[in-house]
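Residue numbers (this note's numbering): 2 to 678.
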Ligand code: GAL
């Protein structure tokens, strides 16, 4: 079988990162040294030009490419490939001076001054034109360079602009969606507080000192912001595809970022990439938890393209500069964290950044090469060591994580939950979703994180945490999934509203799911943060409950656990229903993770998923190709642990054969290759 690589030119894992030679053009010795150090660290690709606009076009229409020509060519001559960015993430001062409409307007209606980055107006025709001209130049000049492997469009798209141009586009977008103002009024329930509109021209964005009471409008504004950003991104991509159609395109996404819905944006990209900066070593948080939250994002990223390997585009080998306290990673953690991304489906480890800036905002941000400038630093040596590890993991490149369990996480649903006014302030949507992810994966099985437009049929189990907003179509899709034999586990807040936040009439869970779960959720009790209740399971065990307790009635469902106290004492808290060929479990309260872990382990085992017992703070992930399994065990403890019931195989990192018991050193990793049976 031929191994499938993301890039034919690099038949291996990618290793490298952001490289900003535009800041060092006056230091030829340093530029020369960079290539030497890259080779020593086994770096095979770098991302360039991300914020280089003022060096690429120092004055309007005067392009300056010589420094970039030289870099791309020299790197290529030394076996190092280029990921080339479009520089739209930050603008030169001349551009803002001449085209002030490119500067974003904030949510109070005030226009920004020139400065910082990631703050352009996505609607501005002038900015779109400048970007088109720049991207055309780049595509024509470098599109067929043999050293170029990928376009990196802009950088971490995000935020929203509230300017008159965006307002006008918002109105157009709404007209297209609702056709008539009457239909918009109905969808937004705008007769409340006399907020009915008589024409689209009356609609403004949800300014902070304006309309903040209408959740449906705010939700549409967020959808519009994604649409408008995506539209800008598509315009950025056009000249690249026109003049360099053979070069794939990515943009770098962010961890748990809630400003945009990445799912539709991902469809425009050839490769998914993201920037991962976990808060390792945070007091009061286990390394295992930090790792699980990171693995959640890895899973989400790989599933934006149905399991295709993604790229870890940025990570910090040492410290970052934007946390309140920037604790440096302990020796060994860089390797562990990097190999976790590979275990979860990444075909790269890339850094921000290769060489530390001499000045300005990110002067103290960690980098592969320190201000000291040599290979003698601990961090350089750890990076070089990882370069060797990645070379040994070349056989894993192109393989995929495959699992039969998935967790549904739609960004618009996250927005909907965040927009609920009332109930509990402790919404903790992402914490909850990650807690379910962590509880499930403690069984040793991988879990896909998917959006609702995914085909559910390859999964035996679907987890639906806080799936509050369910359209009639999604309700039907879920119903059909269970009817055909699927198993769903859902929690409190299931199906309260449709996709414009109008409550489903006829009892929750709505969207026809009452029939599937065979319960009626009559009311929800949002208890104070200091209060607790508990649920009691059939075996008499108690599990603590906080924040949310729904008062349920069974309409055929079996009761798996009931409340311990309050006026709903002994009433159902967790239920199980059989529907069609499948079944549906409902968890009506925010119950402690210990319960979730047991429930998930038992359910996964009953479905024949490959569960196993793992020590605390140890992760297992499996990648596979047609012939082999690559089983990763990762130890997030600073102590040695022993493993039992290991999937035996040859450790690609050490060359040793491992049987069914093994040790993992502190922060240690195993990658066991075994033939598929
Ligand atoms: C990322 C960004 C990089 C750099 C890095 C620092 O979010 O894309 O340009 O600023 O953070 O951690």
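Beta carbons are placed, not taken as given, at the ideal position from N, Cα and C, and that holds for glycine.
Closer than 7 Å to some heavy atom of ligand 1: that describes the Cβ of residue 366.
DSSP, read as helix, strand or coil, puts residue 182 in helix. DSSP, read as helix, strand or coil, puts residue 435 in helix. Secondary structure at residue 524: strand, using DSSP grouped into helix, strand and coil.
Ranked by how close their Cα comes to the Cα of residue 200, the residues 193, 224, 173, 216 have 173 in first place. Excluding sequence positions up to five before and after residue 34, its CB lies within less than 8 Å of the CB of 374, all in the same chain and listed in chain order. Annotation for residue 59: 65 place their beta carbon closer than 7 Å to its own, counting only its chain and skipping 5 residues before and after.
Segment contact: the segment 267 to 275 against the segment 421 to 434, fewer than three CB-CB distances shorter than 8 Å; contact not assigned. Taking the CA atoms as reference points, residue 570 sits about 44 Å from residue 208. In this model, residue 279 and residue 261 are separated by some 20 Å (Cα to Cα).
Annotation: residue 455 to residue 180 spans about 28 Å, alpha carbon to alpha carbon. Counting along the chain, the unbroken alpha helix (DSSP H) around residue 263 starts and ends at 263 to 267.
Taking the CA atoms as reference points, residue 498 sits about 51 Å from residue 142.
For residue 278, the Cβ falls inside the 7 Å cut-off from some heavy atom of ligand 1. In this structure, DSSP gives residue 538 an extended state, which the three-state scheme calls strand. At a cut-off of 7 Å, the beta-carbon of residue 355 does not count as near ligand 1: no heavy atom of the ligand is closer than that. Residue pairing of residue 470 in beta bridges, as defined by DSSP: 498. Boundaries of the alpha helix (DSSP H) harbouring residue 244: 216 to 244, taken from the DSSP string. Setting aside the 5 residues that flank it on each side, residue 445 is surrounded in the same chain by 611, 612, 613, 614, 615, 621, each with a C-beta closer than 8 Å to its C-beta; the list follows chain order.
Contact check between the segment 475 to 484 and the segment 560 to 574: fewer than three CB pairs, one atom from each, fall below 8 Å, which does not count as touching. Following the DSSP letters along the chain, one finds residue 136 inside the alpha helix (DSSP H) bounded by residues 126 to 143. Ligand 1 has a heavy atom closer than 7 Å to the beta-carbon of residue 321.
For the segment 598 to 644, the full-length beta strand (DSSP E) segments reaching 3 residues or more read 619 to 625, 629 to 636, 642 to 644 along the chain.
For residue 591, the enclosing beta strand (DSSP E) begins and ends at 590 to 592. A Cβ-Cβ separation of about 12 Å leaves residue 659 out of contact with residue 669 under the 8 Å criterion. The DSSP assignment places complete beta strand (DSSP E) segments of no fewer than 3 residues inside the segment 61 to 94 at 82 to 86, in order along the chain. Placement of the Cβ of residue 253 at a distance of less than 7 Å from at least one heavy atom of ligand 1 is found. In the DSSP assignment, residue 253 is bridged to 274.
In the DSSP annotation of this structure, the continuous segment of the beta strand (DSSP E) that includes residue 553 starts and ends at 543 to 555. Proximity to residue 82 across 8, 95, 28 peaks at 8, based on C-alpha coordinates. Under the DSSP assignment, residue 49 falls in the beta strand (DSSP E) whose first and last residues are 46 to 49. If you ignore the 5 residues before and after residue 289, its C-beta comes within less than 7 Å of the C-beta of 617, 618, 637, all in its own chain and listed in chain order.
Within 7 Å of the C-beta of residue 156 there is at least one heavy atom belonging to ligand 1. With distances taken between CA atoms, residue 492 lies nearest to 510 out of 484, 510, 501, 506.
The beta carbons of residue 475 and residue 453 sit closer together than 8 Å.
Shown here for residue 31: same chain residues with a beta carbon closer than 8 Å to its own, the five before and five after excluded, namely 25, 356, 374 in chain order.
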